[in-house]
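Participant: Here it is, the structure in full.
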């Protein structure tokens with residue numbers, strides 16, 4: 001049962017979904033947002049008490065429960081005061097988890113986190129379930145707000161969860177949970193990589209099956225969270241558990257050493273996407289999804305927009321949009337996935353660095369990249385990494401420079417390694433701008 005005094009902190013799409021859920025439960029919450037004109041404010045009923053433009057301590061302390069947006073750090077002083085006063089602070093995903101655990105039969109949840117690949121694996125598992133005829137809801141940090149999944153009759157929930165969401169989801173006990181990988185990200189919010197990693201690893205707490213990445217030791221299940229040994233499995237590039245084997249002269253994705261699907265049949269490129277496919281297989285098995293359904297989806301899946309997305313070819317030059325690469329790890333994975341394409345590889349990078357260490361890019365700058373074109377707020381840090389870097393001020397200039405330098409057989413990769421908020425509202429808008437710029441090149445060629 002929900003308490004009577006609920007405060008929703010942060011509006012937008014997620015906040016509105018929490019509001020609707022509260023109203024359906026017969027509770028009229030208070031709404032607060034640090035923005036003076038938050039998105040969705042015009043949709044609030046007149047009866048809703050609201051506080052915009054900052055954090056008001058009195059209503060925070062008067063609440064029994066605060067449902068906070070993932071974008072509001074729990075370390076915020078006002079929230080720390082509320083916690084000290086005994087106010088419970090959770091997120092919208094926690095409300096979903098509690099709702100799914102009610103009744104005679106709990107609704108199973110597949111939970112997915114990681115620095116990179118979350119949306120791809122979440123989408124794969126969701127499509128596999130649908131292919132198998134399972135009534136599945138897919139949401140969380142991807143697309144549909146968590147609570148909107150409760151509006152339909154479901155047999156399975158697949159959630160993409162960010163570290164921010166995991167901070168406020170203490171009751172999560174997934175049927176299967178995975179941490180796909182860990183690389184530096186959000187260090188403007190966490191005081192160390194270890195703090196960020198441990199927040200991610202919390203997804204394993206209470207999971208019936210934990211699925212970790214053998215290629216990334218940081219994803220292993222820590223002793224302080226470990227379920228029983230039989231409930232842990234893994235994926236990787238060797239032939240163990242979910243992995244790869246040689247069969248009929250080809251490399252195959254495998255399960256327990258048995259071939260399942262030729263790697264060449266995947267339409268998503270790169271070893272990072274092979275790992276994503278293997279993770280999806282492991283999670284799908286735990287959800288009772290047939291191998292037939294898994295293979296059908298893996299054969300047809302072409303990837304998500306703004307994630308190593310082929311945009312166009314002009315004069316023999318391939319243009320690839322990976323605007324979703326908002327951290328160094330994602331950019332490294334994208335480069336790895338394209339490094340065997342032949343020709344030279346030109347990288348466009350830059351934006352808000354979020355306190356990351358960019359040095360892991362240095363070996364690739366020396367060995368795999370023709371040059372890196374740097375733009376955006378933290379371009380100076382990228383320019384300092386090597387001599388084969390070039391400074392521009394806008395994405396328009398970056399695309400124009402690469403168009404002038406690249407020749408037939410080359411690939412231009414837009415994988416910024418940074419957040420977009422210095423110049424764009426989100427990574428999607430940044431990616432759409434890149435696509436329009438490349439499409440303009442095609443028009444010029446006519």
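Residue numbers (the UniProt record's numbering): 1 to 446. Even for Gly, the Cβ is constructed at its ideal location relative to N, Cα and C.
1. Where in the UniProt domain "Mur ligase C-terminal" (306–418) do unbroken runs of the beta strand (DSSP E), each at least 3 residues long, occur, reported from the N-terminal end onward?
2. In its own chain, which residues sit with a C-beta less than 7 Å from the C-beta of residue 509, not counting the 5 before and 5 after it?
3. Measure how close the beta-carbons of residue 354 and residue 186 come, nearest whole angstrom, since I'm counting them as under 8 Å.
4. By Cβ distance, which residues of its chain are closer than 8 Å to residue 71, with the 5 residues on each side in sequence left out?
5. Output the residue ranges of the beta strand (DSSP E) runs that lie fully inside the region 120–199 and measure 3 residues or longer, sorted by chain position.
6. With a 10 Å radius around its C-beta and 16 neighbouring C-beta atoms as the bar for buried, classify residue 224 as buried or exposed.
7. Between residue 420 and residue 304, which are expected to be in contact by the criterion C-beta below 8 Å, what is the C-beta distance as a whole number of angstroms?
8. If you count every other CB in all the chains shown that lies within 10 Å of the CB of residue 264, and 16 or more means buried, which is it?
9. Does the separation of the CB atoms of residue 410 and residue 437 fall below 9 Å?
10. Alpha carbons only, please: which of 68, 336, 422, 38 is nearest the one belonging to residue 167?
11. May I ask you to list the residues that DSSP assigns as paired with residue 247?
12. Just list the residues that DSSP pairs residue 255 with in beta bridges.
13. Residues bridged to residue 212 by DSSP?
14. Mind checking who residue 52 pairs with in its DSSP beta bridge?
15. For residue 109, list the residues DSSP reports as bridge partners.
16. Ignore the nearest five residues each way along the sequence and tell me which others in residue 88's own chain have a CB closer than 6 Å to its CB.
17. Got a sec, what are the start and stop residues for the alpha helix (DSSP H) residue 277 sits in?
18. On the DSSP bridge list, what partners appear for residue 68?
19. So, helix, strand or coil for residue 268, using DSSP?
20. Using CA coordinates, which residue listed in 404, 348, 248, 135 is at the minimum distance from residue 391?
21. Express the C-alpha separation of residue 154 and residue 148 in angstroms, rounding to a whole number.
22. From the DSSP output, in three-state form, read off residue 88 for me.
23. Look at the alpha carbon of residue 199 and the alpha carbon of residue 330, and state the distance between them as a whole number of angstroms.
24. Put residue 424 into one of helix, strand or coil per three-state DSSP.
25. If you pair each beta-carbon of the region 207–214 with each one of the region 174–192, do three or more pairs fall below 8 Å?
26. Quick one: Cα of residue 62 to Cα of residue 54, how far?
27. Mapping DSSP to helix, strand and coil, what is residue 114?
28. Does DSSP classify residue 223 as helix, strand or coil?
29. DSSP three-state label for residue 206, please.
30. Spatial neighbours of residue 13 within its chain, please: CB distance less than 6 Å, with the 5 preceding and 5 following residues excluded, ordered by chain position.
31. Should residue 250 and residue 262 be called a contact, given that it needs their Cβ atoms to be closer than 9 Å?
32. Let me make sure I understand the geometry here. Which of 384, 341, 169 has the alpha-carbon closest to that of residue 361?
33. Decide if residue 321 is buried, meaning its Cβ has at least 16 other Cβ atoms within 10 Å, or exposed.
34. Quick one: grab the DSSP three-state call for residue 102.
35. Measuring straight from C-alpha to C-alpha, what distance separates residue 377 and residue 234?
36. Taking the beta carbon of residue 18 as the centre, do at least 16 other beta carbons fall within 10 Å, making it buried, or is it exposed?
Facilitator: Well, looking at it:
1. For the UniProt domain "Mur ligase C-terminal" (306–418), whole beta strand (DSSP E) runs of length 3 or above, ordered along the chain, are 309–314, 317–321, 345–350, 371–375, 389–391, 411–414.
2. There is no way to answer for residue 509, as the model of the chain reaches only from 1 to 446.
3. The residue given as residue 354 occupies position 354 in the chain shown. The residue given as residue 186 occupies position 186 in the chain shown. Taking a contact as a CB-CB distance under 8 Å, the pair residue 354 and residue 186 counts as one, their CB atoms being some 6 Å apart.
4. Locating residue 71 in the chain shown gives position 71, where the first residue counts as 1. Closer than 8 Å at Cβ, skipping near neighbours: 10, 164.
5. Counting whole runs of 3 or more residues, the region 120–199 contains the beta strand (DSSP E) stretches 136–140, 156–160, 176–179.
6. On the chain shown, residue 224 is found 224 positions in, with the first residue counted as 1. Exposed: under 16 other Cβ atoms inside 10 Å.
7. Mapped onto the chain shown, residue 420 falls at position 420. Mapped onto the chain shown, residue 304 falls at position 304. With a Cβ gap of about 16 Å, residue 420 and residue 304 do not count as contacting.
8. Position 264 of the chain shown, counting from 1, holds the residue named residue 264. By the 10 Å Cβ count, residue 264 comes out exposed.
9. Along the chain shown, read from residue 1 onward, the residue named residue 410 stands at position 410. Along the chain shown, read from residue 1 onward, the residue named residue 437 stands at position 437. Not a contact, by the Cβ cut-off of 9 Å.
10. Counting from one through the chain shown, the residue named residue 167 turns up at place 167. With distances taken between Cα atoms, residue 167 lies closest to 68.
11. Counting from 1 along the chain shown, the entry for residue 247 is found at position 247. Answer is 250.
12. Residue 255 sits at position 255 when you count from the first residue of the chain shown. Residue 255 is bridged to 242, 258.
13. Looking up residue 212 in the chain shown gives position 212. Bridge partners of residue 212: 179, 234.
14. For the purposes of this step, residue 52 is taken as the residue at position 52 of the chain shown. In the DSSP output, where bridge partners are listed per residue, residue 52 has 33.
15. To locate residue 109, count along the chain shown from 1; it is residue 109. Per DSSP, 157.
16. The residue you call residue 88 lines up with position 88 of the chain shown. Excluding its 5 nearest sequence neighbours in each direction, residue 88 has C-beta neighbours in its own chain below 6 Å: 65, listed in chain order.
17. Within the chain shown, numbered from 1, the residue matching residue 277 stands at position 277. Unbroken alpha helix (DSSP H) run through residue 277: 271–286.
18. By one-based count along the chain shown, residue 68 stands at place 68. Partner residues in the beta bridge of residue 68, as assigned by DSSP, are 9.
19. Locating residue 268 in the chain shown gives position 268, where the first residue counts as 1. Coil at residue 268, not helix or strand.
20. Stepping through the chain shown from its first residue, residue 391 is reached at position 391. The shortest C-alpha separation from residue 391 is found at 348.
21. Taking the first residue of the chain shown as 1, we reach residue 148 at position 148. Taking the first residue of the chain shown as 1, we reach residue 154 at position 154. Between residue 148 and residue 154, the C-alpha separation is close to 12 Å.
22. The residue labelled residue 88 in the question sits at position 88 within the chain shown. Of the three classes helix, strand and coil, the one that applies to residue 88 here is strand, per DSSP.
23. Stepping through the chain shown from its first residue, residue 199 is reached at position 199. Stepping through the chain shown from its first residue, residue 330 is reached at position 330. Rounded to whole angstroms, the separation of the alpha carbons of residue 330 and residue 199 is 19 Å.
24. Along the chain shown, one-based indexing puts residue 424 at 424. Residue state, collapsed to three classes: coil.
25. Yes: the two stretches touch, three or more of their Cβ pairs being nearer than 8 Å.
26. Taking the chain shown and counting its residues from 1, the one referred to as residue 62 is at position 62. Taking the chain shown and counting its residues from 1, the one referred to as residue 54 is at position 54. Their backbone Cα atoms lie some 16 Å apart in a straight line.
27. By 1-based counting over the chain shown, the position of residue 114 is 114. Judged by DSSP in its simplified three-state form, residue 114 adopts coil rather than helix or strand.
28. As a first step, residue 223 is located in the chain shown; it is residue number 223 there, counting from the start. Assignment of residue 223 by DSSP, reduced to helix, strand and coil, places it in the coil class.
29. Residue 206 sits at position 206 when you count from the first residue of the chain shown. In this structure, residue 206 counts as coil in the three-state DSSP scheme.
30. As a working mapping, residue 13 is identified with position 13 in the chain shown. Sequence-distant Cβ neighbours of residue 13 in its own chain, meaning closer than 6 Å and more than five residues away, are 145.
31. Locating residue 250 in the chain shown gives position 250, counting from the first residue. Locating residue 262 in the chain shown gives position 262, counting from the first residue. In this structure, residue 262 lies closer than 9 Å to residue 250 by Cβ.
32. In the chain shown, residue 361 corresponds to position 361, counting from 1. The residue among 384, 341, 169 with its C-alpha nearest the C-alpha of residue 361 is 384.
33. Working through the chain shown from its first residue, we reach residue 321 at position 321. It is buried - the Cβ of residue 321 has at least 16 other Cβ atoms within 10 Å.
34. The residue labelled residue 102 in the question sits at position 102 within the chain shown. Of the three classes helix, strand and coil, the one that applies to residue 102 here is coil, per DSSP.
35. The residue labelled residue 377 in the question sits at position 377 within the chain shown. The residue labelled residue 234 in the question sits at position 234 within the chain shown. Rounded to whole angstroms, residue 377 to residue 234 spans 38 Å at the Cα level.
36. On the chain shown, residue 18 is found 18 positions in, with the first residue counted as 1. Counting the other Cβ atoms within 10 Å of the Cβ of residue 18 gives 16 or more, which makes it buried.
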